[in-house]
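Student: For the sequence shown, the numbering used here assigns the number 398 to the initial residue and increments by one for each residue that follows.
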Amino acid sequence: MMSKGCMIFAFFLLCTCAFAYDQKRFEEGEELFRRCIPCHGQYGNKQPMGKRDISRLPEKDISNILRDYALGKSEGAMNAQASLLDQQKIAALATYIASMKIKQGSEVFALRCSGCHGKDASKSAFGKSGKVSNLTEPELIRVLRNYQSGVYAHGSTANAMKGRAISLNDNEIDALARFVDTL
Ligand code: HEC
Ligand code: HEC
């Protein structure tokens with residue numbers, strides 16, 4: 398029987414290792430992603446040939462799609478790219494790509510929203526707003542669109558928020574919504 402202290406220590410060690418492993422994989426993915434940027438954009442949301450915004454795809458789908466390109470099961474512009482990737486590189490890329498939008502959202506939030514809504518989005522701005530952290534991805538998108546279009550125009554605080562909403566482009570709204578959904 399392990400003592401309680403020993404179990405806690407083992408658990409701690411496991412978490413630290415898992416974290417270090419994730420971090421390494423993330424960095425490898427970030428490095429590999431540089432060669433994807435010319436076609437898919439810095440945030441992965443440029444859509445080559447009208448295809449999907451890859452930063453919106455779940456990690457598992459990205460892995461499967463890249464593996465199928467690498468094996469030649471799917472054919473197209475990506476075969477040459479994917480043939481350079483082994484399973485480990487594909488996994489690293491998938492981890493990185495899937496986390497990119499959330500990271501971008503957290504950066505936009507820290508810079509342009511946290512001043513009024515709090516670092517973790519749980520403050521009521523001017524005592525007027527609800528907690529942004531309570532909103533889901535589709536809810537945040539809907540609310541920001543409503544501020545942009547002036548549907549919410551009940552006085553000076555709403556106008557202050559309208560200005561903020563209008564300053565956001567579609568990709569930023571998308572990224573913010575993904576991030577807020579994780580809170
Ligand atoms: C030369 C331009 C180019 C480069 C570089 C490139 N891609 Fe692509 N990628 C495309 C095109 C074009 C498509 C749509 C392909 C098709 O239909 O065959 C695509 C499709 C994809 C898809 C599937 C999207 C979908 O809608 O199913 C993924 C995932 C992807 N690329 C990931 C990557 C990754 C990861 C890298 C870097 C290792 C990369 N691509 C590098 C052009 C590129
Ligand atoms: C200058 C302060 C300020 C900044 C900066 C700001 N907001 Fe707000 N926000 C407010 C105020 C005040 C309200 C309440 C407005 C009202 O009366 O409708 C609000 C309301 C909201 C709501 C509605 C929440 C609810 O459920 O009641 C959302 C969502 C929101 N803001 C998101 C954001 C995002 C995302 C950003 C960053 C791009 C941002 N805000 C930046 C002040 C701010």
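Cβ coordinates follow ideal geometry from the N, Cα and C atoms, glycine included.
The model shown is predicted, which means the values in this text are computed figures rather than measured ones.
Hey, ILE459 and ALA491 are a contact pair by Cβ (cut 8 Å); roughly how many whole angstroms apart?
Tutor: That belief holds up - the Cβ atoms of ILE459 and ALA491 are roughly 4 Å apart, short of 8 Å.
Student: Going straight from the alpha carbon of TYR440 to that of LYS470, what length do you get?
Tutor: For TYR440 and LYS470, the distance between alpha carbons rounds to 26 Å.
Student: Less than 7 Å between the CB of ARG432 and some heavy atom of ligand 2, yes or no?
Tutor: No, Cβ of ARG432 sits at least 7 Å from all heavy atoms of ligand 2.
Student: Per DSSP, what kind of secondary structure is ASN461 in: helix, strand or coil?
Tutor: If DSSP states are grouped into helix, strand and coil, ASN461 belongs with the helices.
Student: Which same chain residues, not among the five before or five after ASN442, have their C-beta less than 6 Å away from its C-beta?
Tutor: Closer than 6 Å at Cβ, skipping near neighbours: ASP450, SER452, ASN568.
Student: Please list, in chain order, all residues of the same chain as ASN556 whose beta carbon is under 8 Å from its beta carbon, the five residues on each side excluded.
Tutor: The residues are ALA550.
Student: Please report the residue range of the alpha helix (DSSP H) in which TYR440 lies.
Tutor: TYR440 -> no alpha helix (DSSP H), and no H or E assigned at all.
Student: Taking C-alpha atoms, which residue in ARG431, GLY547, GLN545, GLY512 lies nearest to MET497?
Tutor: Among ARG431, GLY547, GLN545, GLY512, the Cα nearest to that of MET497 belongs to ARG431.
Student: When DSSP labels each residue in this structure, what does THR579 get in the three-state scheme?
Tutor: In this structure, THR579 counts as coil in the three-state DSSP scheme.
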